[in-house]
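Peer 1: One structure is given below, represented as structure tokens, and several questions about it will come after.
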Amino acid sequence: MDYSSFPRDCHTMDTLERQLICPICLEMFSKPVVILPCQHNLCRKCANDIFQVSTGFGVRRPNGRFRCPSCRHEVVLDRHGVYGLQRNLLVENIIDIYKQESPLLKPECPTCEEHEDEKINIYCVTCRVPTCSLCKVFGEHQACRVAPLSDVYEQHKSELTDGIRTLVASNERIQALIAELQNTCRNVEKFERMAGILEERKEIMLQRVSYEQAEKTRQLRALSEAYEARVEATSKLVNTALQASEEPQVPLFLQVGRIAEAVGSPELETLEPGFDNMEHYAVDFNEEERALYQLDFIKSGPHLVVFPLKKSCVSLAYAVPKALLLLPPVTSVHFLRLHSCPYVLSVSFCMLQPLPF
């Protein structure tokens, strides 16, 4: 590849230098440079440091995962660990060319505003500003405590690097906690869906029972009206027959034929056996009831600490090792039994400090 065509102006080289800075050590990439699946680059040493921190202090595993510090993309490693990541030879070659060109393009050291042409080479620890040697000897920083600028730079860079690594480790654990809370939210949503399904089935079953109840009531009323009409007509014929039997005249006995016709008329509709039986709507909830009583949270998981609170309120909080006490407060979950329905739990969240073992 021909690198002679690279622009050589200072602005372009400064931009290139910023692109060649590792986001972990804040230095120019050191070989070997590895490229992540998200196309971001890291020093292999820095990638290994992130991996060791994300897997836990003192825990060494050949494979695992960590998140890219630039885009938070999850990087899954094989059994070779970070050594299984592909090297970015192009970036390594560009770094070599840049190091060859940078001495010629390196800008001059900034100068002091108070003393012209005097380079800034010390750091005033008291005032926390960079300055020059003349300011310390003759200027406003005579009584201040100073240190070499390079030493202060290395110290601040080391502190910043350690802070970045701590934040990366904290972010990993926060992401895990967020994933666990999201899983808890999904479980709560499942409870709501189950309650919705039960309510829907309840409405359907009530509609079916109400429909059959109304239909059978209508049939019974119609049949009752028919029986009442037949009883009324029969009562009139019986009275007529009794009167005819008491009269000696022969013509009155001719009405006996009308009585015979009434007796021989078709029978009224009768109820079928089991018409009032509603057992086909009976539902056995014994198994479901036992399952609901046994429904509980999974026992395995983080250590739980129970605090004595009023009534039936239980507070659950994660207890974490002392090494993790630098993390933000851990979210706890409160479950409170509702008086209106003793088997329904009300869920609330609050922030608690981590508890050491």
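Just so you know, the UniProt record's numbering puts 204 at position 204 of the sequence shown, and the rest follows in order with no gaps. Note that the Cβ used here is the ideal one computed from N, Cα and C, for glycine as well. These numbers were taken from a predicted model, which means no experiment stands behind them.
(1) With a 10 Å radius around its C-beta and 16 neighbouring C-beta atoms as the bar for buried, classify V305 as buried or exposed.
(2) Can you tell me where the alpha helix (DSSP H) with A147 in it begins and where it stops?
(3) Do K119 and T131 come within 8 Å of each other at the CB atom, strictly closer than that value?
(4) Compute the Euclidean distance between the alpha carbons of S170 and K31, then round it to the nearest angstrom.
(5) Of all the options R44, T240 and G196, which has the alpha carbon lying nearest to the alpha carbon of R87?
(6) With C-beta atoms as the reference, is residue 370 less than 8 Å away from L16?
(7) By the three-class DSSP mapping on this structure, what secondary structure does C185 have?
(8) Just the Cα atoms here: how many angstroms apart are V76 and C68?
(9) Taking all protein chains shown into account, decide if Y153 is buried (16 or more other Cβ within 10 angstroms of its Cβ) or exposed.
(10) Considering only their Cβ atoms, is the gap separating C135 from E114 smaller than 8 Å?
(11) Could you check what DSSP says for T131 in three-state terms: helix, strand or coil?
(12) Use the C-beta contact count for L295: other C-beta atoms within 10 angstroms, 16 or more gives buried, fewer gives exposed.
(13) Is it buried or exposed for V34, if we count other Cβ within 10 angstroms and need 16 for buried?
(14) Fully enclosed by the stretch 63 to 127, which beta strand (DSSP E) runs are 3 residues long or longer?
Peer 2: In terms of the structure at hand:
(1) For the purposes of this step, residue 305 is taken as the residue at position 305 of the sequence shown. Bear in mind that a pLDDT of 40 at V305, under 50, signals an unreliable position, so the number given afterwards is only what the model happens to contain. Exposed, because fewer than 16 other Cβ atoms sit within 10 Å of the Cβ of V305.
(2) Translated into positions along the sequence shown, residue 147 becomes position 147. Where A147 is concerned, there is no enclosing alpha helix (DSSP H), although the beta strand (DSSP E) it sits in stretches over V146 to P148.
(3) Stepping through the sequence shown from its first residue, residue 131 is reached at position 131. Stepping through the sequence shown from its first residue, residue 119 is reached at position 119. No, these two residues do not count as a Cβ contact at 8 Å.
(4) On the sequence shown, position 170 is the one that residue 170 refers to. On the sequence shown, position 31 is the one that residue 31 refers to. So the two alpha carbons sit approximately 27 Å from each other.
(5) Indexing the sequence shown from 1 puts residue 87 at position 87. Minimum Cα distance to R87 is reached at R44.
(6) Given a span of 1 to 357 for the chain in the structure shown, any question on residue 370 remains unanswerable.
(7) By one-based count along the sequence shown, residue 185 stands at place 185. Three-state DSSP puts C185 in a helix.
(8) In the sequence shown, counting from the first residue as 1, residue 76 sits at position 76. In the sequence shown, counting from the first residue as 1, residue 68 sits at position 68. So the alpha carbons of these two residues sit roughly 10 Å apart.
(9) If you number the sequence shown from 1, residue 153 lands on position 153. When all chains shown are included, Y153 counts as exposed.
(10) Position 114 of the sequence shown holds residue 114. Position 135 of the sequence shown holds residue 135. Their beta carbons are under 8 Å apart, which means E114 touches C135 by this criterion.
(11) Stepping through the sequence shown from its first residue, residue 131 is reached at position 131. Note: T131 maps to strand in three-state DSSP.
(12) Against the sequence shown, residue 295 aligns to sequence position 295. It is exposed - the Cβ of L295 has fewer than 16 other Cβ atoms within 10 Å.
(13) Along the sequence shown, one-based indexing puts residue 34 at 34. Buried.
(14) 65 to 67, 74 to 76 and 122 to 124
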